[in-house]
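A.B. asks: Just passing along the structure, written as structure tokens.
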Amino acid sequence: MSFISLLWVLLLGSLLGLELIGKVPPTLHTPLMSGANAISGITMLAALTLIVKAEGNVPLLIIGSVSLGFALFNVVGGFFVTDRMLAMFSRKPSNKK
Amino acid sequence: MNLPVIIKFVIDLLAVLLLALGIKGLSKVKSARDANRLAAFAMSLSVVGLLSYYLGTSGIAIQSWIWIIIGSIIGSLFGAILAKKVPMTSMPETVALFNGCGGMSSLLVALGVAIFPISGGQENFDFFKSLINEVSISVSIFVGAITFTGSIVAMAKLQGWLSTPGWTQSKVRHFVNIVFAVASLIAFFDLINGNTSSIWLLVIVSSLLGIGVTLPIGGADMPVVISLLNSYSGIAAAAAGFVVDSQLLIVAGAMVGAAGLILTQVMCKGMNRSLVSVLFGGSLSAQSTASSGSGEYTNITSCSVEECALTLEAANKVIIVPGYGLAVAQAQHTLREVTKKLEQNGIEVVYAIHPVAGRMPGHMNVLLAEADVPYEQLKEMDVVNPDFPATDVVLVLGANDVVNPQAKNDSSSPLYGMPVLDVQEARTVFVIKRGMSAGYSGIKNDLFDLPNTSMVFGDAKKVLNDLIGELKDLGVGEK
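Protein chains in written order, with the numbering used here: chain A, 13 to 109; chain B, 62 to 540.
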């Protein structure tokens, strides 16, 4: 991938992000923030790449592994906690007696 | 093109599409939960795509597998446990903690690549390529470090582990932060000049900058800061994408970065604050104590729980205004008991939710939903404001600044212009509060002085429990 095409990817990705969130009800600000936050843990892919390409370099393997741990903490925790919040909104029909 | 490349391309494309749909869906109540799961699925898909690509091309060494498994298990386990255990009241600091760790991850990746250049990353080594590499490594470290330390400080402040030290409110802090910023710029140019050891300077100085910028910001503005830091962690991820040459990382990081920025903007608007004043203005209370400590309370009416119960019993329409104080007292369940009794007596009960009630926009909705309050009873500010004149009783529980009429009437008030709930229009207002202390902004609340306002002093949970007892004695809610 050339640098220029990566810049295009960056530009289009940013525009997409700007477009996606138009009107968000305040109710959803916290879940949305936490969900988007989980997605930013996508750096786990970079950590994986680092580990795979380390080729037996132990310090690098450790750095990659710690980085992967931090990223997955972000991703797994972020998605679970978002789901927990959103589950409360969808529970309403059950307690209407 | 060989097969692994094509497969990875298709999977990446699909993952980006699903992530975009996920973010989109998260902004609507109906689709939010599925959207969150969709995004989680897209993330796991992207991992499968990456691993299958390496399996199909260079292969993955056993040693690498071991470290992958160790890192994944520890990270996921801690993440899952924290996500399950943490109480809903401390949601903002949890988001901050997760976010900080995302930033840390980007920082470590860039650091790893900088110290041990990966083979294959630089096969066609030329000046331009290595320049890009160094710039992206620096950006990733810089933004990642700020995200990490900033988020940790934000978390510590929300948890109450850290207060806002007085010296951080002085003008000196701008000078200190400028020094940090300049130092990181120097480290950055030194790095590009080929001096690898200055990378540590960059790490240290940008970490300090993250602390220096976040520490002076007052608690009320913290949600905005967390949202902004969330946007940063997206930018850090995109920068890490340049470091390891991954389009998927760049797209996803850019999306989160841009979406986080918009969300930050929306939140600022809800609080009537500009982003600049949040970041550089210091905490609101520090500016306002001088200008708006204007006068003491002169006309406070305090009343007993019993009187409150009697008034409630005679009401037709009651509006509850919950604030963070309610959440701190963990009284949302007790409140639900009270409102159930009132409803059984045929009294109409509605909850008025200010956009920034709680510690984060939408936080109060989550907390009330946790206490089984029906979603239909939660009314947003613009919907409920015209209803106040026709309301008999308003119960203000642990809310303060969001019901301050100064925001409408007093153009000299720092709150002026902030959208507020017009509770004073109602016939009777009860404010349940521990004492006469000021709200988050540190500003006197004119509402308390009004003739139709009565204060019920006490801990929210205790007062509500007493209220249940009084209502029971009055026979309210008994069939």
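Think of the CB as a built atom: it goes at the ideal place given N, C-alpha and C, for glycine as much as any other residue.
(1) Going by beta-carbon coordinates alone, are L246 (chain B) and S201 (chain B) separated by less than 8 Å?
(2) With DSSP run on the structure shown, which of helix, strand or coil describes E441 (chain B)?
(3) According to the neighbour-count rule (16 or more other Cβ atoms, all chains shown, within 10 Å of its Cβ), is P383 (chain B) buried or exposed?
(4) For I16 (chain A), go through chain B and note every residue whose CB falls closer than 9 Å to its CB, in chain order.
(5) Looking at the structure shown, is M541 (chain B) part of a helix, part of a strand, or coil, going by DSSP?
(6) My understanding is that G321 (chain B) touches A299 (chain B), with C-beta atoms under 8 Å, so please give their C-beta distance in whole angstroms.
(7) Measure from the C-beta of H424 (chain B) to each C-beta in chain A and report whether the shortest distance is under 8 Å.
(8) List in chain order: all unbroken alpha helix (DSSP H) runs of 4+ residues lying wholly within the stretch 293 to 337 of chain B.
(9) Counting contacts by CB-CB distance shorter than 8 Å, is R334 (chain B) in contact with chain A?
(10) Show which residues of chain A have a CB atom less than 7 Å away from the CB atom of T155 (chain B).
(11) Contact between the stretch 83 to 91 of chain A and the stretch 135 to 144 of chain B: three or more CB pairs below 8 Å?
(12) Mind checking if N291 (chain B) is an interface residue toward chain A, Cβ cutoff 8 Å exclusive?
(13) Checking contacts by CB at 8 Å: is Q308 (chain B) closer than that to chain A?
(14) Under 7 Å Cβ-Cβ, which residues of chain A neighbour E431 (chain B)?
(15) Would DSSP call V457 (chain B) helix, strand or coil?
(16) Going straight from the alpha carbon of M97 (chain A) to that of L57 (chain A), what length do you get?
(17) Around the C-beta of T362 (chain B), are 16 or more other C-beta atoms found within 10 angstroms, so that it is buried, or is it exposed?
(18) Excluding the 5 residues flanking S307 (chain B) on each side, which residues of the same chain have their C-beta closer than 7 Å to its C-beta?
(19) Please classify V490 (chain B): does DSSP put it in a helix, a strand, or coil?
(20) Would a check of beta-carbon distances place M165 (chain B) closer than 8 Å to chain A?
(21) Three-state secondary structure (DSSP) at K409 (chain B)?
(22) Smallest Cα separation from S268 (chain B): which of B:T210, B:K401 and B:T325?
(23) In whole angstroms, what is the alpha-carbon distance linking V524 (chain B) and Y477 (chain B)?
(24) Classify H394 (chain B): buried if its beta carbon has 16 or more other beta carbons within 10 angstroms, exposed otherwise.
(25) Mind reading off the beta-carbon distance from L396 (chain B) to A418 (chain B)? Whole number of angstroms is fine, and I expect it under 8 Å.
(26) Kindly list, in the order they appear in chain A, the residues whose Cβ is closer than 9 Å to that of E441 (chain B).
(27) Assign F236 (chain B) to one of two classes, buried (16 or more other C-beta atoms within 10 Å of its C-beta) or exposed (fewer than that).
(28) Checking contacts by CB at 8 Å: is W222 (chain B) closer than that to chain A?
C.D. replies: In short, the structure shows the following:
(1) no
(2) strand
(3) buried
(4) Correct list: empty, because the minimum Cβ distance to chain B is about 10 Å.
(5) Because residue 541 (chain B) is not part of the residues shown, which for chain B are 62 to 540, the question remains open.
(6) That pair is no contact at about 12 Å.
(7) At least one chain A Cβ lies under 8 Å of H424 (chain B).
(8) 308 to 331
(9) no
(10) V93
(11) Flag = yes, the stretch 83 to 91 of chain A and the stretch 135 to 144 of chain B touch.
(12) yes
(13) Yes, because at least one Cβ of chain A sits closer than 8 Å to the Cβ of Q308 (chain B).
(14) M100
(15) strand
(16) Roughly 26 Å separates the two Cα atoms.
(17) exposed
(18) none
(19) strand
(20) yes
(21) Sequence check: residue 409 (chain B) is Glu here, not Lys. Of the three classes helix, strand and coil, the one that applies to E409 (chain B) here is strand, per DSSP.
(22) B:T210
(23) 31 Å
(24) exposed
(25) Going by Cβ atoms, the distance from L396 (chain B) to A418 (chain B) rounds to 13 Å, so no, they are not a contact pair.
(26) P37, P38 and T39
(27) exposed
(28) no
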